[in-house]
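Worksheet: the structure to be examined is printed underneath.
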């Protein structure tokens, strides 16, 4: 700014007024300053301005987890909602460690004058780390379990409800035993889906099932499907609820090799409705989650908190998408 002022033959205060559109600057003076700016290629130091004003028009986003499979869609929602409101997004990452490490990550963002922070989390250790954190700016947690911190907002997809919808669908078709192949039980999502599976079975008379632990990968679905067929000489159970669509694809691959027909022999339900599940053979019945909306609503909640509203908790209901991988049992 001093260089521009020297080139235009004015004070740096006058340059500042030109940059901020102040009406007191004479047209000929404004023209000289704008010509100097163009000649020198001057750009404002947005970081310095943010540190001085504490307004950066930036929202911080912390990626706190290694198994955020639908992260691109969440971030698309975050970016679009932030942009509509006139904000930029500043990304940071925390992949575990101590509470102090997370606090340092958050502090780095606040040092850059972010006006609010969204933490996208996938496991209980994040909840524990956030329990006593104080950032000085509004903060919300995305895809989380409950954190006992009244200053934090929460936006999450209702994983337990989604699992209930999946299992109820199988029970309503007439299946009485529903095997659940879990995702990685260290994550919020897998634990909530187990709770939903269990609750749906408890609601139905004479219904039962078995829990087999996987890890959200197609390989674990393939391995567990082979195990089920090998263990049951008379054929596997008639209904499987997979922890996610990747696991369901692994199940389909194993069954194709073993001659088990879906849904003639076994009905199969996935979770997430990832791209391509409608074109599997058979097309996969699954639980659709709106990850873009999740990202958008996390930003909308932060904007409300920035206006002075209290932190709140919000759950987004998923949707059961019935396709051709489920049918009434034949035996």
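Numbering (the numbering used here), first residue to last: 14 to 344.
For glycine and all other residues, C-beta sits at the position ideal for the given N, C-alpha and C.
| Query | Result |
| --- | --- |
| With respect to the alpha helix (DSSP H) encompassing residue 328, which residues constitute its N-terminal and C-terminal limits? | Careful: residue 328 lies outside any alpha helix (DSSP H), inside the beta strand (DSSP E) at 326-329. |
| Just how far apart, CA to CA, sit residue 250 and residue 317? | 49 Å |
| Do you know how far the Cα of residue 292 is from the Cα of residue 278? | 20 Å |
| In this structure, does DSSP put residue 107 in helix, strand or coil? | coil |
| Taking 8 Å as the threshold, find out whether the region 307-326 comes into contact with the region 225-242 through three or more Cβ pairs. | no |
| Going by the DSSP bridge assignment, what does residue 167 pair with across the sheet? | 154 and 326 |
| Does DSSP classify residue 243 as helix, strand or coil? | helix |
| Opposite residue 73 in the DSSP bridges: which residues? | 103 and 130 |
| Starting from residue 193, trace the beta strand (DSSP E) both ways and give me its first and last residue. | 190-195 |
| In whole angstroms, what is the alpha-carbon distance linking residue 82 and residue 190? | 29 Å |
| Check whether the region 337-344 and the region 265-276 touch, using three or more Cβ-Cβ pairs below 8 Å as the test. | yes |
| Leaving out five residues before and five after residue 306 in sequence, what residues of the same chain have Cβ atoms less than 7 Å from its Cβ? | 90 and 329 |
| Flag this pair as touching only if the region 240-260 and the region 185-202 have three or more C-beta atom pairs under 8 Å; answer yes or no. | yes |
| Counting beta carbon pairs with one atom in the region 146-153 and one in the region 96-103, are three or more of them shorter than 8 Å? | no |
| Could you check whether residue 28 and residue 46 sit closer than 9 Å to each other, using their CB atoms as the reference points? | yes |
| If you draw a straight line from the alpha carbon of residue 66 to that of residue 33, how long is it in whole angstroms? | Caution is warranted here: a pLDDT of 49 is assigned to residue 66, below 50, making its placement in the model unreliable, and no coordinate value can be reported. |
| Starting from residue 201, follow the beta strand (DSSP E) in both directions and report where the run begins and ends. | From DSSP, residue 201 is part of no beta strand (DSSP E) but of the alpha helix (DSSP H) over 201-216. |
| For residue 286, tell me which candidate among 323, 128, 331 and 122 has the shortest Cα-Cα distance. | 331 |
| Within its chain, find whatever has a CB closer than 8 Å to the CB of residue 230; leave out the 5 residues flanking it on each side and keep chain order. | 259, 260 and 263 |
| Would you mind working out which of 202, 20 and 43 sits nearest residue 54, comparing C-alpha positions? | 20 |
| With DSSP run on the structure shown, which of helix, strand or coil describes residue 285? | strand |
| Give the straight-line distance between the Cα atoms of residue 214 and residue 94, rounded to the nearest whole angstrom. | 39 Å |
| Quick one, which of 129, 77, 188 and 170 has its alpha-carbon nearest residue 142's? | 77 |
| Using only CA atoms, which one of 299, 50 and 220 lies nearest to residue 25? | 50 |
| The beta strand (DSSP E) that contains residue 78, what's its start and end? | Premise fails: residue 78 is in no beta strand (DSSP E) and is neither H nor E. |
| For the candidate residues 320, 156 and 166, whose alpha-carbon lies nearest to that of residue 86? | 156 |
| Consult DSSP for residue 221 and reduce its assignment to one of helix, strand or coil. | strand |
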